[in-house]
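Trainee: Okay, here's the structure, questions in a sec.
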Amino acid sequence: MKSDIRVCSVWRDAHDRPVYTLSDTCPECGADAENSTPAPFDPEDAYGEYRRALKRRGRE
Ligand SMILES: [Zn+2]
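Oh and the sequence shown: position 57 is 57 in this note's numbering, straight run, nothing missing.
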């Protein structure tokens, strides 16, 4: 069974180290937490993904 541990999606920007959590959001900065397994997209696109996620959340 896979782990449910997630990591802050913006930890590189918001923290000095990865912030892990079992929640859907980072407990320290409130950003989306994402599965800690390697993402399928290029790491260079992580910030674009973050901005798209922010846009989605902004509509809530
Ligand atoms: Zn965070």
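Cβ atoms here follow ideal geometry from the backbone N, Cα and C, with glycine treated the same way.
Only counting the same chain, and skipping five residues up and downstream in sequence, which positions put a Cβ closer than 6 Å to that of CYS26?
Mentor: Within the same chain, CYS26 has close Cβ partners CYS8, VAL19 and ALA33.
Trainee: What is the residue span of the beta strand (DSSP E) that ARG6 lies within?
Mentor: 6 to 8
Trainee: Distance check for ALA31 and ASP24, CA to CA, integer angstroms please.
Mentor: When rounded, the distance between both Cα atoms is 9 Å.
Trainee: Cα separation between ALA52 and SER36?
Mentor: This sequence places Arg at residue 52; Ala is not what is there. Roughly 19 Å between the two C-alpha positions.
Trainee: Along the chain, where does the alpha helix (DSSP H) containing ALA33 start, and where does it finish?
Mentor: Here ALA33 belongs to no alpha helix (DSSP H); instead the beta strand (DSSP E) covers 33 to 35.
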